[in-house]
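Engineer: Next up is a structure, given as structure tokens.
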Amino acid sequence: MNYWLMKSEPDTYSLETLKREPTGVGSWDGVRNYQARNYLREQRVADQVFFYHSNCAQPGIVGIARIAAEARADPTQFDPQHDQFDPTAKPEQPRWLLTELAYVRDLKRTITLEELKRQPLLAEFALVRKGNRLSVLPVAKAYWDLILQLEA
DNA sequence: GCCAACGTTGGC
DNA sequence: GCCAACGTTGGC
361 MNYWLMKSEP DTYSLETLKR EPTGVGSWDG VRNYQARNYL REQRVADQVF
411 FYHSNCAQPG IVGIARIAAE ARADPTQFDP QHDQFDPTAK PEQPRWLLTE
461 LAYVRDLKRT ITLEELKRQP LLAEFALVRK GNRLSVLPVA KAYWDLILQL
511 EA
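Right, here's the structure in full:
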């Protein structure tokens with residue numbers, strides 16, 4: 361079992377959106393960064409995910425999801441109408457992937473980025489390192505447990 | 001809206 | 001292969 365943190369702008373796709381998906385799962389599409397894509401490729405069904413809201417009034421971890429389906433081609437790369445259309449991607453050799461997420465639960469409260477930055481034990485966690493921009497990143501089990509302890 | 005940090009592109 | 005220019009992310 362592996363642990364991840366995935367960022368989304370709540371105006372675009374929030375935890376609430378995932379919670380309300382009629383199918384019970386949401387496609388994590390639109391990733392157009394190679395390192396983030398490579399992490400998607402490593403995700404396995406039942407892996408746990410911190411759902412992080414970015415680019416909003418209170419950036420932070422708002423809930424937990426789990427991986428419901430492993431990586432497959434992201435269809436938005438082939439759709440000229442889509443913002444994330446990639447004219448260089450070929451259906452016979454897809455460049456971009458998506459995974460499916462299932463809602464697990466809301467945290468009792470948002471664990472803000474500001475709070476995470478204040479934790480000395482999280483100083484090496486990629487999320488709080490300067491200049492981190494990855495939208496999908498692995499979370500060491502020790503960090504996962506520590507962050508969950510902040511919730512109570 | 002600003003801008004630092006970082007990734008990508010493309011000329012050479 | 002270098003690196004300047006440009007685009008994007010995302011906190012503030």
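Per our numbering, the first sequence runs over residues 361 to 512.
The beta carbon of each residue, even a glycine, is placed where N, CA and C say it ideally should be.
1. Should G491 be labelled buried (16 or more other beta-carbon atoms within 10 Å of its own) or exposed?
2. Quick one: what does DSSP say Q441 is sitting in, helix, strand or coil?
3. Compare the beta carbon distance of L482 and L506 with 9 Å and say whether it is the shorter of the two.
4. Exposed or buried, Y399, counting other C-beta atoms within 10 Å across all chains shown (16 or more means buried)?
5. Return the chain-ordered list of same chain residues with a C-beta closer than 8 Å to the C-beta of R465, the five sequence neighbours on each side being excluded.
6. Touch check for the segment 488 to 504 and the segment 362 to 381: three-plus C-beta pairs under 8 Å?
7. From what residue to what residue does the alpha helix (DSSP H) around D434 run?
8. What's the gap between the Cα of L476 and the Cα of V488?
9. Can you tell me whether T436 is buried or exposed? The criterion is at least 16 other CB atoms within 10 Å of its CB, across all chains shown.
Structural biologist: Working from what's here:
1. Per the 10 Å Cβ criterion, exposed.
2. DSSP places Q441 in coil when its eight states are reduced to three.
3. Yes, Cβ-Cβ distance for L482 and L506 is below 9 Å.
4. Under this definition Y399 is a buried residue.
5. Same-chain partners within the cutoff: G423, I424.
6. Enough Cβ pairs lie closer than 8 Å, so yes.
7. Run containing D434: none; DSSP gives neither H nor E here.
8. Looking at the two C-alpha atoms, the distance is approximately 7 Å.
9. Buried, because 16 or more other Cβ atoms sit within 10 Å of the Cβ of T436.
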